[in-house]
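Undergrad: If you read the protein sequences in the order shown, they are chains B, W, P and X. If you want the working numbering, it's the 1-based position in the first sequence plus 142. If you want the working numbering, it's the 1-based position in the second sequence plus 142. If you want the working numbering, it's the 1-based position in the third sequence plus 17. If you want the working numbering, it's the 1-based position in the fourth sequence plus 17. Glycine included, C-beta positions come from ideal geometry on N, C-alpha and C.
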Amino acid sequence: MSILIDDSTRVIVQGITGRIGSVQTHWMLEYGTRVVGGVTPGKGGTTVEGVPVFDSVLEAVKETGANASVFFVPAAFVLDAFLETIDAGIKLIVVVPEHIPVRDVMKMRSYAVEKGVFALGPTTPGILSPGKGKMGIMPASLFAPGRVGIISRSGTLSYEFAGILSEVNVGQSTVVGMGADPVVLRNLADILELFERDTDTDAVIIVGEVGGEQEEKAAGFISRRMTKPVAAYIAGRQSPQGKRMGHAGAIVRGAAGTVDGKQKELRAAGVEILESPIHVADWARKNNLR
Amino acid sequence: MSILIDDSTRVIVQGITGRIGSVQTHWMLEYGTRVVGGVTPGKGGTTVEGVPVFDSVLEAVKETGANASVFFVPAAFVLDAFLETIDAGIKLIVVVPEHIPVRDVMKMRSYAVEKGVFALGPTTPGILSPGKGKMGIMPASLFAPGRVGIISRSGTLSYEFAGILSEVNVGQSTVVGMGADPVVLRNLADILELFERDTDTDAVIIVGEVGGEQEEKAAGFISRRMTKPVAAYIAGRQSPQGKRMGHAGAIVRGAAGTVDGKQKELRAAGVEILESPIHVADWARKNNLR
Amino acid sequence: MRLHEYETLDIFEQNRIPVPRRGIAGTTHEALQIAGEIGFPVMLKAQVLAGGRGLAGGVRVALTQDELEDVAEEMLSSDIKGLPVRKVLVCEKAAIEKELYLGITVDGYSGRPVIVVSTEGGMLIEETARNSPEKVASIHIDPSFGYYPYLARSLLRRLGLKEQLIASWSDIIGQLYNIARRYEALIAEINPLVVRPNGGLLAVDAVLEVDDSALSRIRFPLPDRIDRIENPLERRGREIGVTYVDLDGDIGLISSGAGLGMASMDIIGEKMKPANFLETGGGITADLLYKCMELIMMKPDLRAIFINVYGGINPIHEGAKGVVRYIHERNVRIPVVAKALGNRQEETWEIFRSAGVHVVTETATEKAIDKLYELVGRG
Amino acid sequence: MRLHEYETLDIFEQNRIPVPRRGIAGTTHEALQIAGEIGFPVMLKAQVLAGGRGLAGGVRVALTQDELEDVAEEMLSSDIKGLPVRKVLVCEKAAIEKELYLGITVDGYSGRPVIVVSTEGGMLIEETARNSPEKVASIHIDPSFGYYPYLARSLLRRLGLKEQLIASWSDIIGQLYNIARRYEALIAEINPLVVRPNGGLLAVDAVLEVDDSALSRIRFPLPDRIDRIENPLERRGREIGVTYVDLDGDIGLISSGAGLGMASMDIIGEKMKPANFLETGGGITADLLYKCMELIMMKPDLRAIFINVYGGINPIHEGAKGVVRYIHERNVRIPVVAKALGNRQEETWEIFRSAGVHVVTETATEKAIDKLYELVGRG
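(1) Leaving out the 5 sequence neighbours to the left and right, which residues in its chain are closer than 7 Å to Val-312(W) when beta-carbon positions are compared?
(2) List the whole-angstrom C-beta distance separating Val-325(B) from Met-248(B), where the pair is believed to meet the contact cut-off of C-beta under 8 Å.
(3) Suppose you measure from the CA of Arg-386(W) to the CA of Val-244(W); what does that come to, to the nearest Å?
(4) Does the distance between the C-beta of Ala-373(B) and the nearest non-hydrogen atom of the ligand GTP fall short of 7 Å?
(5) For Ser-273(X), which residues in chain B fall below 9 Å Cβ to Cβ?
(6) List the DSSP bridge partners of Cys-108(P).
(7) Does the Cβ-Cβ distance between Arg-239(B) and Phe-260(B) come in under 8 Å?
(8) I want to see whether chain W comes within less than 8 Å of Tyr-167(X), judged by CB atoms only; does it?
(9) Within 8 Å (strictly less), CB to CB, does Ile-347(W) reach chain P?
(10) Compute the Euclidean distance between the alpha carbons of Gly-263(W) and Asp-424(W), then round it to the nearest angstrom.
(11) Does any residue of chain X bring its CB to less than 8 Å from the CB of Tyr-173(B)?
(12) At a Cβ threshold of 8 Å, is Ala-223(B) touching chain P?
(13) Tell me, please, which residues DSSP counts as bridged to Phe-214(W).
(14) On the three-state DSSP scale, how would you describe Met-387(B)?
(15) Under a CB-based cut-off of 8 Å, is Lys-184(P) close to chain B?
(16) Quick one, which of Leu-66(P), Leu-93(P), Ala-169(P) and Ile-142(P) has its alpha-carbon nearest Asp-222(B)'s?
(17) Only counting the same chain, and skipping five residues up and downstream in sequence, which positions put a Cβ closer than 7 Å to that of Ile-51(X)?
(18) First and last residue of the alpha helix (DSSP H) that includes His-168(B)?
(19) Among residues of its own chain, excluding the 5 on either side of Arg-175(X), which ones have a beta-carbon nearer than 8 Å to its beta-carbon?
(20) Secondary structure at Asn-148(P), three-state DSSP: helix, strand or coil?
(21) When DSSP labels each residue in this structure, what does Glu-137(X) get in the three-state scheme?
(22) Take every Cβ of the stretch 320–330 of chain P, pair it with every Cβ of the stretch 268–286 of chain P, and state whether three or more of those distances are shorter than 8 Å.
(23) Determine, for Leu-327(W), whether the minimum Cβ-Cβ distance to residues of chain X falls below 8 Å.
(24) By the DSSP assignment, the alpha helix (DSSP H) with Glu-256(B) in it spans what residues?
(25) Along chain X, which residues have their Cβ under 9 Å away from the Cβ of Gly-184(W)?
(26) What does Glu-205(B) touch in chain P if you count any residue whose Cβ is under 7 Å from its own?
(27) Check the Cβ of Ala-226(W) against every Cβ in chain X and list those closer than 7 Å, keeping chain order.
(28) What does the alpha-carbon distance come out to for the pair Val-131(P) and Arg-213(P)?
(29) Helix, strand or coil, according to DSSP, for Phe-162(P) in the structure here?
(30) Out of Met-250(B), Ile-376(B), Pro-194(B) and Val-236(B), which has the shortest C-alpha to C-alpha gap to Gly-319(B)?
(31) Quick one: measure Cβ to Cβ for Ser-198(W) and Pro-183(W), integer angstroms, because I've assumed they're closer than 8 Å.
(32) For Arg-174(X), return the contacting residues in chain W, with the cut-off set at a CB-CB distance below 9 Å.
(33) Mind the definition here: the stretch 74–93 of chain X touches the stretch 114–126 of chain X only if three or more C-beta pairs lie below 8 Å; say whether that holds.
(34) Chain W beta carbons: is any one of them nearer than 8 Å to that of Asp-304(P)?
(35) Within 10 angstroms of the Cβ of Phe-237(X), are there 16 or more other Cβ atoms? Answer buried if so, exposed if not.
(36) Taking only three categories from DSSP, how would you classify Val-262(P)?
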């Protein structure tokens, strides 16, 4: 097992004919992912890396039985394509592109929730289950099969943590990029819940960063519901305080958002705090993870 | 029994301090309606016709236990007040005002449906259950208690039909004004269904008019589900064809909208067609109604 | 309120819908000038607010200058469906590969905007819809969800079109939907939407009807709504705030409520002919009914007047005072029959009777019209 | 992008939010002129894009012409939180009965806009929120349902206000929400929103931060976004399309990904000091990394450079070519350490090594920074 991606996952690539879409389709196929189709309006009937391209998501779903989609669509068209994808019945969507207006993300999120669709991003490297497949841009060489789950707000830091673990022969069950935007399509706690329920995951690493309140809210979930060991690293201690732009956010969030605040709440929930990424190797050894 | 209004109905009047709102509150009270409060923002703490006025619907509901509301709010504020009323938990709303933009009505309708609220109007005379109470502007003298239900798209024609029946000693269970706008908050078939289920209604009269497709759609409901006798009058045979403004409506509706088309479909559903209002008296006699 | 075609085409152009080169002419001379700039052949289109204009000769082609002079001259001195042609739209006659249909309207029954498309546009679109429903497709828009381009694309896919046409047509659907939203349109329509030989699209005809109830909040410039009513009596009705429709009979009618007014017309029509339809709405005052009397009396040769009002929201006793004041001041001699029921009816009857109005106290309008017929019938 | 207060006040005024009489001055002379028109006393407010300006001396009162001269002179030659004060807003000093707070922001966790109000506005609003939560109320807006005035009224009722204040304040909430929607604001704030002795409201301070990702589709005029960046290096970063933050250390940093960049800074910071933060995003090319090298080398006295990139979406071998070209062309002599992993890593290492870059092939950034420290640590 693993979360989100397994043997039944049939992936379409939206924006498959673009520069990034086609290169990443190559890497996904090479990693063994079942990429069954691609979508680019107006390019139906062609193929990319041997994968058939369709004009609409509905057609792609009908012809290929796809149940998951990964987006390499220009930011300005993501909202429209996302809604189309949900209406076509896809239940797992990974939105890789960055620079999507927050208002669009709010609309996407509310529609996904309404329709029971699990979506990740925007600005996410995607999901990778070692040995099973990947939806997104994660570079395969850093990952190894195993029983540790990783959830990261940062793309490249998720590679770093997986790579450090792989070097000491600790594999991963699934690595999930949450996305780095102010509003993401799924919150941290929802993904933790999937790992908690996954019989092939023994422990979970949260790779967080300064700002927002994902980690603080997750701490509540962990203390109430998590039974598996959790470790967390929070990047950004040395970052200059972001120029403060108003009080509304601070009022809504209270003291949340600082590295100290996040570490404190996670620690109180029983999470082991990693002060530097490399410490994850010791933590894995201490917990007999592999 | 009766439909919509009964002994448990506790009415608030929105816009109670306005010229029409206060006069109509007087008439509603005089007819025995349990008007328990009124709402006009900024006029809380005063009284109209002995009825306490509140600043917000929520406050009125909390203080009076109201469960129904009748609107005498200026058209420009109806949408906002309507949404507020639904959020305050009111389950029956009568929107008397006319000239409400269609876009607002569409929004009101979709929210009412979502929240399970029964709403009538706009441009409706309201609802009257003889001897029990009324929400709206129907002039009481024309109505008498009995067992015939009336549903009318036109306000004044509903008075006409009730008056003709009352003159020949045929009373009414409930008289419902649907509203005369292109989009109304409840369709004809929904109201027919209430009368079909009401044990105190023996027969129903539909007072329709040229245009739209309420009567055509109701014919489908009647042939499938109605067991009680139904008669229908359709006004507007002599009306000049409305200046035709486009094809989209005609394409959507097909042949619907003409007096002949409506009569034909209703007749096919077993409805007795009244060619002139006064014929309703004969129909009542023939069906032994009282 | 329906806008003229030339007004609508301007709005379309501002919103990036491709429209023909064109100009608006009030005289033959102006029409010639415009055609000179555009180049022949040109289309001439009578600017009257009536449907079925094409079948009534309101759309003509001019291949040459001479032909244009004849057609413009004739059109500008004609009536179409009873409306005088004051302006003619002169526009480019584009080469046509295919005629499509695109309309956006409010579906009253579902309470949602609906987008309708067809691959067979043109004057016979309604027949196409009846006889070849597979050539027509429509989609309802959830008002709280809103419009998105993919909805248009999936709608057009149902017609089995090529991707290139789907792309350009769905752009125009988006622009038209945007116009419909901004202008609170009850109808926004392009028929035909022409496919040119080069594959480009062109909105050759344009309909926009704006929701009267929303006029005050539309933030975009709109023409004056009263000025455009051709009939002076109907214009006067709009001015005083009532709905007046001019008819060709001789029985004047004042009613409160459109349904009651229509029923009154139906009943009058059985043996007589109504001179007008007049519906007061819910704002009756003494002054308003005085003005209503004035308005219906503007028609010469009226034989009688029928007043049919209910006291629900309306203070009918106030209305009666206005009627009576008019009768006294203008010394009205034709019979006036009134049926006035509801709140304060007795008071109302007394006021009417004081001026010799025949008051009918029964409920059925038929009875009142029987009385009216008795008074004028054999006159 | 955050707008200056004077720009935001103009937008508020266009949208019918009451704002003080005011003018913007770049010199003491201009400040005097404006004050002359407004009348004393006036407020002087330094126009810098930094929070906590009030507590840092950026908001001052001038009662007389002399006082104004002194204050304006001083302010226009000062720095606030490291930012030079180039412009001063001179505005009417309104009489104050009470200070309220109104803010609209995006709540990242719930994914919804949130409206926050408090009866205790002013500089200490965050303390109020912590210590007297009953004086603060907030409401989330469902994006598909939208904003309606009754939502603001019911929000304000929770603060126990008088109806008159609820009416005028909820109007301003509606206007601010409209601004936030039109300008795709991440933050729109009025603090304080002043109640004047006559009961009228006045937006005395104004914050508007626009979503950078939405800039291209906002249909209303906005100031140039690059021009307003004070720091020339940060401005250059924006120009070439990367995020650059100027710091006061001496280790140059190029990273792909904000998280990786922050972690790199954290680790460098344990024994050394970073000179900058630079995050490339997902658009690495040879040219971009050439420009990044150029940018970080604009800081004098750099002791070493650390490049930390992953080949996921980025072609890191292309990036390496740009770095190497810069090193060769500019004859860079300080140590350059690179960690580059992922797709085409071996190819990338080879390119780096060809220019003498120290390549670290282990995954942990700590190991690479150990190497860096070894190379410069005792320098």
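TA: Well, looking at it:
(1) Non-local beta-carbon contacts of Val-312(W) in its own chain, meaning distances under 7 Å to residues more than five positions away in sequence, involve Gly-288, Val-290, Ala-426, Leu-431 and Arg-432 in chain order.
(2) Cβ atoms of Val-325(B) and Met-248(B) come within 8 Å of each other, at about 6 Å.
(3) Because the pLDDT at Arg-386(W) is just 47, under 50, the model does not fix this residue reliably, and the point stays unresolved.
(4) Looking for the ligand GTP in the displayed structure turns up nothing, as the structure carries no ligands at all.
(5) Going along chain B in sequence order, the residues near Ser-273(X) (Cβ under 9 Å) are Gly-297 and Thr-298.
(6) Residue pairing for Cys-108(P): DSSP places it in a beta bridge opposite Arg-39(P) and Met-60(P).
(7) It is Pro, not Arg, that sits at residue 239(B) in the sequence shown. In this structure, Phe-260(B) does not lie closer than 8 Å to Pro-239(B) by Cβ.
(8) It does; some Cβ of chain W falls within 8 Å.
(9) Not closer than 8 Å to any Cβ of chain P, the Cβ of Ile-347(W) fails to qualify, so no.
(10) Just so you know, the alpha carbons of Gly-263(W) and Asp-424(W) end up roughly 30 Å apart.
(11) So, not an interface residue.
(12) Yes, its Cβ sits closer than 8 Å to a Cβ of chain P.
(13) Beta-bridge pairing by DSSP links Phe-214(W) to no other residue.
(14) For Met-387(B), the predicted structure reports a pLDDT of 46, less than 50, and the residue's modelled location is therefore unreliable. The matter cannot be settled from this model.
(15) One point to set straight first is that residue 184(P) is Ala, not Lys, in the sequence displayed. Ala-184(P) counts as touching chain B.
(16) Of Leu-66(P), Leu-93(P), Ala-169(P) and Ile-142(P), the residue nearest in Cα terms is Ala-169(P).
(17) These residues qualify, in order along the chain: Gly-40, Ala-42 and Val-107.
(18) Unbroken alpha helix (DSSP H) run through His-168(B): 161–172.
(19) Take Arg-175(X), set aside five residues on each side of it, and the residues of its chain with a beta-carbon closer than 8 Å to its own are Ala-154, in chain order.
(20) Reduced to three states, the DSSP call for Asn-148(P) is helix.
(21) In the structure shown, Glu-137(X) sits in coil (DSSP, three-state: anything other than H, G, I, E or B).
(22) Enough Cβ pairs lie closer than 8 Å, so yes.
(23) No, its Cβ sits nowhere closer than 8 Å to a Cβ of chain X.
(24) Going by DSSP, Glu-256(B) is part of the alpha helix (DSSP H) stretching over 244–256.
(25) Close to Gly-184(W), with beta-carbon spacing below 9 Å, are these residues of chain X in chain order: Glu-180, Gln-181, Ile-183 and Ala-184.
(26) In chain order: nothing, as chain P lies at least about 14 Å away.
(27) Correcting the residue identity first, residue 226(W) is Glu in this sequence and not Ala. Residues of chain X passing the Cβ test: Tyr-167.
(28) Straight-line Cα distance between these residues: approximately 26 Å.
(29) Phe-162(P) carries a coil assignment under DSSP once its states are collapsed to helix, strand and coil.
(30) Looking from the CA of Gly-319(B), the closest CA among Met-250(B), Ile-376(B), Pro-194(B) and Val-236(B) belongs to Val-236(B).
(31) Between the beta-carbon of Ser-198(W) and that of Pro-183(W) there is about 7 Å, and that keeps the pair under the 8 Å contact cut.
(32) Within 9 Å Cβ-Cβ: Asp-197, Ser-198, Leu-200 and Glu-201.
(33) No: the two stretches stay apart, fewer than three of their Cβ pairs being nearer than 8 Å.
(34) No, Asp-304(P) lies away from the interface with chain W (no Cβ there is under 8 Å from its Cβ).
(35) In summary, Phe-237(X) is exposed, with fewer than 16 beta-carbon neighbours lying within 10 Å of its beta-carbon over all protein chains present.
(36) Assignment of Val-262(P) by DSSP, reduced to helix, strand and coil, places it in the strand class.
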